[in-house]
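These notes are about the structure you will find just below.
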Amino acid sequence: MPLTVLTLNVGNLALERARRQRDWIARRGEDVFVLTETGSGPGTQLIAESYRDAGWSVTFPEHPDKERGVMLLSKVKCTVDPIGAVMSSLPARLSGIAVDTDEGPLRILGAYVPSRDATEAKTTRKREWIEAFHQAYEATADNAAVLLLGDLNVLEPGHVPPHPGQFAPFETAFYTALTHRHGLTDAFRALHPTAVEHSWARRTELGYRYDHARASTPLLAYLTSCSYVHDTRSGNPALTDHSGLAVALTLTATAPLITSDPAADREATLF
């Protein structure tokens, strides 16, 4: 069975929207979900509790109030990856799990890179987070294959449309450093070298490909698909303002969990 992963920016969930997102995720078939822009409120907690109660593994770093982060939901047995514990800047925005497969261990990392505006404070925050990511990744690197997914809040060089002046050189350098410094290839570009896709847009003609999957070199041999899932932002009301990104690998997780439907209503027990 292929190992499948989907990342989605859920947009700091309000409770009503969280219920719809929980149900949408439950109808999908992926083994692991990487949710970004999670918060500390009741919507995020609803998803975490629903999936935990259904037997899934839920990896969810503690979020300070008003901070955003990452949650990983897995229906295969996993352990918590060490990268979050050594992240020195906004650690809730970087988390991961390790999954055993028939070809060896796989690290699945989720990232929600800070956005910025023209202010010095937001620019400094993003610079510091990026540098902390590089240090944390290198400090925890081993021989395991890596799949990094999430909202990276950066555009590739040559992005269509170009959005001139919106991103500083240090932001573009982060995108290229994922390949040149860490050996993490853009999985979508590996399979679709010239395709124009966007995962977020203020207007249809001014889209941005913010959501990414990056794969270590050994993993590319097992990559069979990497495609955007746009129905998350096409409904009325939309589930979120981001498209999902789904990845399939010809790997098999060796220890599936026994899970139930996270969207099912559950009565409280008396013991």
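Going from the sequence shown to my numbering is simple: count from 1 and add 9. The beta-carbon is built from N, C-alpha and C at its ideal position, and this holds for glycine as well.
Check                                                                                                                                                                       : Outcome
Looking only at DSSP bridge pairs, what is W209 linked to?                                                                                                                  : Y217
Leaving aside the five residues before and after L22 along the sequence, list all residues of the same chain whose C-beta is less than 6 Å from its C-beta, in chain order. : G52, T53
Is it the case that the Cβ atoms of L266 and R223 are separated by a distance below 9 Å?                                                                                    : no
Among V67, Y231, D160, whose alpha-carbon lies nearest the alpha-carbon of Y217?                                                                                            : D160
Report yes if the CB atom of I82 is closer than 9 Å to the CB atom of G93, and no otherwise.                                                                                : A small correction: the amino acid at residue 82 is Leu; Ile does not occupy that position in the sequence shown. Not a contact, by the Cβ cut-off of 9 Å.
What residue ranges within the region 28-90 form continuous beta strand (DSSP E) runs of no fewer than 3 residues, ordered along the chain?                                 : 41-47, 66-68, 78-83, 87-89
My output table needs one value for P265: the three-state DSSP class, helix, strand or coil.                                                                                : strand
Which partner residues does P114 have in the DSSP bridge list?                                                                                                              : D109
Assuming contact is defined by CB atoms lying nearer than 9 Å, are A107 and V89 in contact in what I supplied?                                                              : yes
Flag this pair as touching only if the region 128-138 and the region 109-117 have three or more C-beta atom pairs under 8 Å; answer yes or no.                              : no
Under DSSP, the alpha helix (DSSP H) around A199 begins and ends at which residues?                                                                                         : 196-200
Who are T13's beta bridge partners in DSSP?                                                                                                                                 : A257
Based on Cα-Cα distance, which residue from A273, P246, S234 lies nearest to T259?                                                                                          : S234
I'd like to confirm the pairing. Which residues does DSSP put opposite G159 in its beta bridges?                                                                            : A120, H221
Taking L254 as the reference, give the member of L215, W209, D270, R26 with the closest Cα.                                                                                 : W209
What does a CB cutoff of less than 7 Å around S2 pick up in its chain, not counting 5 residues either side in sequence?                                                     : Given that the chain is displayed from residue 10 to residue 280, the structure contains no residue 2 and the question cannot be resolved.
Could you give the first and the last residue of the continuous alpha helix (DSSP H) run that contains L232?                                                                : Counting along the chain, L232 falls outside any alpha helix (DSSP H), though it belongs to the beta strand (DSSP E) covering 232-238.
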